[in-house]
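Novice:
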Amino acid sequence: MGNTKLIVTPAPHIRSGDSTPAIMRDVVIALLPAAISAVYFFGAQAAVSMVCSVAGAVGAEYIFEKIAKKPVTIGDWSAAVTGLLIAMVLPPHVPVWIPVIAGFFAIGVVKLLFGGLGHNVFNPALAGRAFAIAAWPALTTSGYLWPASAEGAIWAVRGFDAMSTATPLTLWKMGEIGGASMSKFYQSLFVGNVAGSLGETSALALLIGAVYLLCRGRISLRIPLSYILTVAVITGLYGQDPLFHVLSGGLILGAFFMATDYVTSPMNPKGQIIFGIGCGILTALIRMFGGYPEGVCYSILLMNAAVPLIDRLTRPKRFGEVTSRA
Amino acid sequence: MPKGSFRGGVHPPENKERTATLRTVVARRPSQVAIALHQGSNCPLTPTVAKGDYVRMGQKVADTDEKWGVPAHSPVSGKVVSIGLVRTASGVEDQAIFIEPDGEDALDESCVPVDNVFSRSPEEIIRIIRDAGIVGMGGAEFPTHIKLSLPPGANVDTLLLNGAECEPCLTADHRLMVERPRDIIRGAQIMMRAIGVSRTLIGIEDNKPDAIRAMGDAASSAAGVEVVAVKTRYPQGSEKHLIKSVLGREVPPGGLPFTVGVVVSNVGTCAAVSNRFDRGLPLIERIVTVTGSAVAKPANLVAKIGTSASDLIEECGGFVGQPGKIVFGGPMMGMAVSSVDVPIGKGTSGILVMSREESEDLKEMPCIKCGQCVDACPMRLEPVFLHQWSNAGLWDEAEAYHAMDCIECGVCTYVCPSRRNLVQAIKRAKFEISARRRAAKERGSK
Chain A
21 MGNTKLIVTP APHIRSGDST PAIMRDVVIA LLPAAISAVY FFGAQAAVSM VCSVAGAVGA
81 EYIFEKIAKK PVTIGDWSAA VTGLLIAMVL PPHVPVWIPV IAGFFAIGVV KLLFGGLGHN
141 VFNPALAGRA FAIAAWPALT TSGYLWPASA EGAIWAVRGF DAMSTATPLT LWKMGEIGGA
201 SMSKFYQSLF VGNVAGSLGE TSALALLIGA VYLLCRGRIS LRIPLSYILT VAVITGLYGQ
261 DPLFHVLSGG LILGAFFMAT DYVTSPMNPK GQIIFGIGCG ILTALIRMFG GYPEGVCYSI
321 LLMNAAVPLI DRLTRPKRFG EVTSRA
Chain B
11 MPKGSFRGGV HPPENKERTA TLRTVVARRP SQVAIALHQG SNCPLTPTVA KGDYVRMGQK
71 VADTDEKWGV PAHSPVSGKV VSIGLVRTAS GVEDQAIFIE PDGEDALDES CVPVDNVFSR
131 SPEEIIRIIR DAGIVGMGGA EFPTHIKLSL PPGANVDTLL LNGAECEPCL TADHRLMVER
191 PRDIIRGAQI MMRAIGVSRT LIGIEDNKPD AIRAMGDAAS SAAGVEVVAV KTRYPQGSEK
251 HLIKSVLGRE VPPGGLPFTV GVVVSNVGTC AAVSNRFDRG LPLIERIVTV TGSAVAKPAN
311 LVAKIGTSAS DLIEECGGFV GQPGKIVFGG PMMGMAVSSV DVPIGKGTSG ILVMSREESE
371 DLKEMPCIKC GQCVDACPMR LEPVFLHQWS NAGLWDEAEA YHAMDCIECG VCTYVCPSRR
431 NLVQAIKRAK FEISARRRAA KERGSK
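Chain order of the listed sequences is A and B.
If you read the first sequence in the working numbering, its first letter stands for residue 21, the second for the next number, and so on.
If you read the second sequence in the working numbering, its first letter stands for residue 11, the second for the next number, and so on.
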């Protein structure tokens, strides 16, 4: 026994068993229902788009890390999550090279140039989308498609066929639809049988994934709920139909899957609520008073920049600081 | 927040079932004991015996004039074979007195029970406790006489006994509470006399119903003593968190329990006090849980202080396969030792023998700012930032982010999905900040 070789490391000597790749894998699993619904509504091209953006993102990580002679980190699944999300926030009708380039930009510039996993200021997927839209502005007017199964009659829009590339939010922005109650649209919006970015249309599919993330303890409701409620309250106060605004556009995808990105959101509960409310205010303002029909992407990116400040202002009260003798 | 709990913390797999129901067994007499001269309180002791001396069991073998130091006693009768270096749990080599037992266990004449305990003054009781070498047996080895010597004006109303034993794997306090509840309560009554309070509360995690029952039965005949079941949640046994759970009071930053009217003592320490007053014995033995997947027959052993880990592991049937780590204490805060010859000390509540697979070092990955460490920190600190400041050598920032409040419970490292060594970085920051404070003080006094 005397010369047994022992390992010496600092405490603790047990770990929870959780890991970063496991977290990222859970996000991929949570995105699967939305990915499946994208293929269901928009056809095989949706699958092609998703494969291309994942390839662009993972490829960029591999290539740049090889060039920099750094350990290749594609095994942590985080580039795959970014890639999948990029296809989901892009319009369905895009040439295949756009998701590839957007994925490449998101990882190569937004993530790796800032120092890699954990060091990026902005959500790479949203920055990738912003880049694609800025580079090819035509995407926003020609990229959207209504699913073949969508019923034009429900939307009762003048010349619905001519409007074939307008999303519900665009129709609303153009004044084609609107008012305080838009309940006849709820069902199509909830199921996802409308025009929109690839993975954002089906609230149902996204919520299934969100419930999975909540059950696995990967996200809390603080950011998504404060975000969505803020949009509902502000649009409601301005005489809009709040539920239409919650179900339309990228709000649910953004609130549950983008704004909750650990790296680019605040760390403390109070900060997370402030962040969610900030995203909500910006989204509502852009939708109602801005030039674009939708503002989820830019809202989250703007709030990303405020995260270090929010973290600094919402530091927790340490043990014993608030109460003393009861 | 439910009563009996606190914010943050974790609930790791308990792994106590290996030894929770095993009665304590008196360990075989070791072939040699090593009494370290550098104990928890950082006061080096001076030997009062020399090489070749014959010593009796319970005889004082080392002492100090330092206020924070307590003497050491021989746990056996026999011969002092040498005074030399021994590898201790903290990894350094230190002076120790090596004693070879003669097998007689002849008791020293100083070991006589104390009569009329309750007519003695608090000062006298505290002195007897100090002279018996009693320190906190929960792990920190904080000298008990210092804890009981309250500063003038301290307004203390409660003695809180720590029977939480929140570390996974360990069952030493558990078995003590089940088997010797009366001794614990007797020790508590003596401490109550020393600090002048009439109330004792005993906090026990609710995963030990038999201990709660045994202590409750024993407490029913003692005035002012009561058991409080608290939630099983690590680090429930941190004194600040136990006070919060049992009394709802939060010790302010930098404060000690007495600032909120409490003195906290481990149940093992109480039993040691009773041992001294009722049986005449100084602190020369303790219960050690020898457990882990790489030891053949886990057990709760009553072992002499100074027994080597190898003696105790051999008594438990030796290793199963190749051991990876041997940890003194529990898996959350215990220290991995570099040699099987390290002797147990007064605060060694367990020897955890881990397999090679369990000991594998996990690779650190980049922080993804998931905030799990912030959610889990029972001191409500932000380990993620403290780790950043520490690694960058930004000690001012680390201090501003309250590094000194860290209780080193290890919860942050435990939960981190990127397997980052958070608590280790914070300990480093605490060390640097303390060193700088000391240096500033010295400059100021010149």
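Backbone N, C-alpha and C fix where the C-beta goes; we use that ideal spot for every residue, glycine too.
Quick caveat: nothing in here was measured; it's all calculated off a predicted structure.
Using a beta-carbon distance cut-off of less than 7 Å, what residues from the region 398-428 of chain B approach chain A?
Specialist: Correct list: 412, 415, 420, 423, 424, 425, 427, 428.
Novice: When the cut-off is 8 Å and only beta carbons count, does residue 391/B lie next to chain A?
Specialist: In the second sequence, residue 391/B corresponds to position 381, counting from 1. Yes - at least one Cβ of chain A is within 8 Å of the one on residue 391/B.
Novice: I'd like to know if residue 340/A contacts chain B, where contact means its C-beta is closer than 8 Å to some C-beta of that chain.
Specialist: The residue labelled residue 340/A in the question sits at position 320 within the first sequence. Yes, contact with chain B.
Novice: Which runs of the alpha helix (DSSP H), 4 residues or longer, sit entirely within the region 285-319 of chain A?
Specialist: The region 285-319 of chain A contains these whole alpha helix (DSSP H) runs: 289-309.
Novice: State yes or no: is the beta carbon of residue 11/B nearer than 8 Å to at least one beta carbon in chain A?
Specialist: Here residue 11/B is taken as the residue at index 1 of the second sequence, counted from 1. At residue 11/B, the pLDDT of 46 sits below 50, so the modelled position is not reliable and the matter cannot be decided from this model.
Novice: Identify each residue in the region 287-305 of chain A for which the Cβ-Cβ distance to at least one residue of chain B is less than 9 Å, and report them in chain order.
Specialist: Within the region 287-305 of chain A, the qualifying residues are 287, 288, 289, 292.
Novice: Assuming residue 107/B and residue 71/B form a contact by the criterion Cβ under 8 Å, report the distance between their Cβ atoms to the nearest whole angstrom.
Specialist: Mapped onto the second sequence, residue 107/B falls at position 97. Mapped onto the second sequence, residue 71/B falls at position 61. The pair is a contact, with the Cβ atoms about 5 Å apart (cut-off 8 Å).
Novice: What separation, rounded to the nearest whole angstrom, lies between the Cα atoms of residue 48/A and residue 42/A?
Specialist: Sequence index remark: in the first sequence, residue 48/A carries index 28 (1-based). Sequence index remark: in the first sequence, residue 42/A carries index 22 (1-based). Between residue 48/A and residue 42/A, the C-alpha separation is close to 10 Å.
Novice: So if DSSP puts residue 82/B in a beta bridge, which residue, or which two residues, is it bridged to?
Specialist: As a working note, residue 82/B is residue 72 in the second sequence. Paired residues: 72/B.
Novice: With C-beta atoms as the reference, is residue 139/B less than 8 Å away from residue 316/B?
Specialist: Within the second sequence, numbered from 1, the residue matching residue 139/B stands at position 129. Within the second sequence, numbered from 1, the residue matching residue 316/B stands at position 306. Not a contact, by the Cβ cut-off of 8 Å.
Novice: What three-state label does DSSP hand residue 289/B in the structure shown?
Specialist: Here residue 289/B refers to the residue found at position 279 of the second sequence. In the structure shown, residue 289/B sits in a helix (DSSP, three-state: H, G or I).
Novice: Let me know if residue 193/A comes out buried or exposed under the rule of 16 or more other beta-carbons within 10 Å of its beta-carbon.
Specialist: Along the first sequence, one-based indexing puts residue 193/A at 173. The residue is buried, with at least 16 neighbouring Cβ atoms inside 10 Å.
Novice: Mind listing which residues of the region 93-118 of chain A have their C-beta closer than 9 Å to chain B's C-betas, in chain order?
Specialist: Result list: 93, 96, 98.
Novice: I'd like the list of long-range same chain contacts for residue 220/A, defined as Cβ closer than 6 Å, with 5 residues on each side in sequence excluded.
Specialist: As a position in the first sequence, residue 220/A is number 200, starting the count at 1. Excluding positions up to five away in sequence, the list reads 270, 273.
Novice: Just grab the DSSP bridge partners of residue 310/B for me.
Specialist: Taking the second sequence and counting its residues from 1, one reaches residue 310/B at position 300. According to DSSP, which records beta bridges pairwise, residue 310/B is partnered with 299/B.
Novice: Quick check on this structure: which residue in 388/B, 143/B, 246/B, 286/B has the alpha carbon closest to the alpha carbon of residue 77/B?
Specialist: Taking the first residue of the second sequence as position 1, residue 77/B is located at position 67. That would be 143/B, whose Cα lies nearest to the Cα of residue 77/B.
Novice: With DSSP run on the structure shown, which of helix, strand or coil describes residue 239/A?
Specialist: As a first step, residue 239/A must be located in the first sequence, where it is residue number 219. Residue 239/A: coil per DSSP, three-state reduction.
Novice: Taking CB distances under 8 Å as the criterion, tell me whether residue 225/A reaches chain B.
Specialist: Here residue 225/A is taken as the residue at index 205 of the first sequence, counted from 1. Judged by the 8 Å Cβ criterion, residue 225/A is not in contact with chain B.
Novice: List the residues of chain B whose Cβ lies closer than 7 Å to the Cβ of residue 351/A, in chain order.
Specialist: No answer is possible for residue 351/A: the residues shown for chain A start at 21 and end at 346.
Novice: Any idea what DSSP makes of residue 16/B, helix, strand or coil?
Specialist: Along the second sequence, read from residue 1 onward, the residue named residue 16/B stands at position 6. Note: residue 16/B maps to coil in three-state DSSP.
Novice: Could you check if residue 31/B is buried or exposed, using at least 16 other CB atoms within 10 Å of its CB as the buried criterion?
Specialist: Residue 31/B sits at position 21 when you count from the first residue of the second sequence. Looking at its Cβ environment, which holds fewer than 16 other Cβ atoms inside 10 Å, residue 31/B is exposed.
Novice: Roughly how many angstroms separate the alpha carbons of residue 190/A and residue 314/A, rounded to a whole number?
Specialist: In the first sequence, counting from the first residue as 1, residue 190/A sits at position 170. In the first sequence, counting from the first residue as 1, residue 314/A sits at position 294. Cα to Cα, residue 190/A sits roughly 8 Å from residue 314/A.
Novice: Alpha carbon to alpha carbon, how far is residue 131/B from residue 204/B?
Specialist: Within the second sequence, residue 131/B is the residue found at index 121, counting from 1. Within the second sequence, residue 204/B is the residue found at index 194, counting from 1. Spanning the two alpha carbons is a distance of roughly 8 Å.
Novice: Are the C-beta of residue 334/B and some C-beta of chain A separated by less than 8 Å?
Specialist: Translated into the one-based positions of the second sequence, residue 334/B becomes position 324. Yes - at least one Cβ of chain A is within 8 Å of the one on residue 334/B.
Novice: Looking only at C-alpha atoms, which of 225/A, 301/A, 243/A sits nearest to residue 257/A?
Specialist: Taking the first sequence and counting its residues from 1, one reaches residue 257/A at position 237. Answer by Cα proximity: 301/A.
Novice: If residue 22/B sits next to residue 178/B, beta carbons under 8 Å apart, how far is it from one beta carbon to the other, in whole angstroms?
Specialist: Here residue 22/B is taken as the residue at index 12 of the second sequence, counted from 1. Here residue 178/B is taken as the residue at index 168 of the second sequence, counted from 1. About 5 Å; that satisfies the 8 Å criterion.
Novice: Which runs of the alpha helix (DSSP H) at least 4 residues long sit entirely within the region 112-146 of chain B? Give them in chain order.
Specialist: DSSP runs (the alpha helix (DSSP H)) wholly in the region 112-146 of chain B: 132-141.
Novice: Against chain A, does residue 274/B count as a neighbour if the rule is that its beta carbon must be under 8 Å from one of theirs?
Specialist: Within the second sequence, residue 274/B is the residue found at index 264, counting from 1. Closer than 8 Å: no.
Novice: Please work out which residues of its chain come closer than 6 Å, Cβ to Cβ, to residue 53/B, disregarding the five sequence neighbours upstream and downstream, and give them in chain order.
Specialist: For the purposes of this step, residue 53/B is identified with residue 43 of the second sequence, where counting begins at 1. If we look at residue 53/B and ignore the five residues flanking it on each side, its Cβ neighbours are 74, 76, 78, 79.
Novice: Quick one: which chain B residues come within Cβ less than 8 Å of residue 82/A?
Specialist: Here the question's residue 82/A lines up with position 62 in the first sequence. Going along chain B, no residue has its Cβ under 8 Å from residue 82/A, so there is no contact; the nearest lies around 17 Å.
Novice: Rounded to the nearest angstrom, how far is the Cβ of residue 86/B from that of residue 314/B, given a contact under 8 Å?
Specialist: On the second sequence, residue 86/B is found 76 positions in, with the first residue counted as 1. On the second sequence, residue 314/B is found 304 positions in, with the first residue counted as 1. Yes, they are in contact, since the Cβ atoms of residue 86/B and residue 314/B sit about 6 Å apart, within 8 Å.
Novice: Taking the alpha carbon of residue 235/B as the point to measure from, which residue in 245/B, 222/B, 246/B has its own alpha carbon closest?
Specialist: Residue mapping note: residue 235/B aligns to position 225 of the second sequence, counting from 1. Minimum Cα distance to residue 235/B is reached at 222/B.
Novice: Where do the ends of the beta strand (DSSP E) carrying residue 338/B lie?
Specialist: Reading the second sequence from its first residue, position 328 is the one you call residue 338/B. Element bounds for residue 338/B: 333-338.
Novice: Go to residue 120/A, then tell me how far its beta strand (DSSP E) extends in each direction, as first and last residue.
Specialist: Position 100 of the first sequence, counting from 1, holds the residue named residue 120/A. No beta strand (DSSP E) holds residue 120/A; the alpha helix (DSSP H) holding it covers 117-125.
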